[in-house]
Amino acid sequence: MNLICTNYIGPVNYYSALLNGYNFLIEAHENYQKRSIRNRMTCLGANGVKCLSIPLKKGKNNQLAISEVEISYDEDWIDQHLSTLLSAYGKSAYFHHYHDQLSQLLQTKESHLIQLNTHIENWIRDSLFLTKVEKTKNYTRDIDGLDWRISKIYDIPELRIRRYPQVFEHKFGFT
């Protein structure tokens with residue numbers, strides 16, 4: 607069992623691990639950590655790697671429980687994220703099958719980050735026919751006596767990502 611943080615459209619390594627039978631448990635009671643995949647994702651666009659970040663309400667979010675972190679809708683980040691994803695992946699196979707559903711998920715304007723991440727996570731898993739990933743019932747420091755690290759999904763050696771077609775691979779190589 608691998609313990610991971612909630613994430614905003616997680617890295618391909620994570621979904622590859624799920625497809626390869628790895629089991630994960632999402633830590634739902636940790637403190638929020640700034641500059642992490644909890645509210646950030648990256649995509650490869652025409653000008654290189656682009657970081658998309660869900661803006662959060664002001665305050666010392668680094669010390670808040672992840673369940674208390676609120677999303678800010680003061681700026682129009684949803685349209686920016688959707689247009690960036692459309693620009694980056696609009697020509698990839700099957701993107702048009704998923705864009706509207708992702709748009710609907712983001713337009714629900716969930717109040718808390720973990721709620722939005724959970725809805726997106728469930729949608730992605732359902733789309734890929736993956737098993738459900740459970741959340742912790744309380745704060746968990748370790749599983750099976752081993753300390754956990756969020757980066758664990760990047761450290762699984764047998765999950766080397768096989769090449770797959772990328773829209774801007776001709777420009778930047780496989781990323």
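The sequence shown begins at 607 in this note's numbering and counts up by one. We treat Cβ as the ideally placed atom computed from N, Cα and C, and that holds for glycine. This one's a predicted model, so the numbers in the text were calculated from it and none came from an experiment.
N- and C-terminal bounds of the alpha helix (DSSP H) containing residue i
i: T619; result: Correcting the residue identity first, residue 619 is Asn in this sequence and not Thr. Residues V618 to L625.
i: L712; result: F701 to Q713
i: K656; result: Where K656 is concerned, there is no enclosing alpha helix (DSSP H), although the beta strand (DSSP E) it sits in stretches over G654 to S659.
i: T742; result: Unbroken run through T742: none, as it is neither H nor E.
i: I643; result: First-last for I643: undefined, no H or E at that position.
i: D680; result: Careful: D680 lies outside any alpha helix (DSSP H) and carries neither H nor E.
i: E727; result: L719 to S733
Of the listed residues the options, nearest to residue i (C-alpha basis)
i: I786; options: L670, G654 and T648; result: This structure does not reach residue 786, given that the chain is present from 607 up to 781, and the question cannot be answered.
i: T737; options: K656, K743 and E727; result: E727
i: H776; options: K640, Y628, G654 and Y700; result: G654
i: V618; options: E633, K640 and L650; result: L650
i: T781; options: H635, A652 and K640; result: A652
i: V675; options: D685, R644 and T746; result: R644
i: A671; options: H705, H635 and R641; result: H635
i: D680; options: S709, Q710 and S717; result: S717
i: S673; options: C611, D682 and R641; result: C611
Straight-line gap, residue i to residue j (C-alpha atoms, nearest Å)
i: S622; j: N608; result: 14 Å
i: A694; j: C657; result: 12 Å
i: D753; j: S698; result: Interpretation of D753 is limited by its pLDDT of 43, a score under 50 that renders its predicted location unreliable; no figure is taken from the coordinates.
i: Y638; j: H687; result: 22 Å
i: L624; j: L722; result: 20 Å
i: D701; j: Q669; result: For clarity, residue 701 is Phe in the given sequence; the question names Asp instead. Computed Cα separation, rounded: 37 Å.
i: E719; j: R646; result: One point to set straight first is that residue 719 is Leu, not Glu, in the sequence displayed. Roughly 11 Å between the two C-alpha positions.
i: L712; j: I684; result: 6 Å
i: S709; j: H725; result: 12 Å
i: T788; j: R768; result: Missing from the structure shown is residue 788; the chain here goes from 607 to 781 and no further.
Start-to-end residues for the beta strand (DSSP E) that takes in residue i
i: E633; result: F630 to E633
i: L609; result: N608 to C611
i: L670; result: Unbroken run through L670: none, as it is neither H nor E.
i: L650; result: R646 to G651
Sub-9 Å separation of residue i and residue j beta-carbons
i: E633; j: K741; result: yes
i: I677; j: K663; result: yes
i: I730; j: G627; result: no
i: S733; j: Q707; result: yes
i: N629; j: Y620; result: no
i: P631; j: V739; result: Correcting the residue identity first, residue 631 is Leu in this sequence and not Pro. Closer than 9 Å, so yes.
i: H705; j: L691; result: yes
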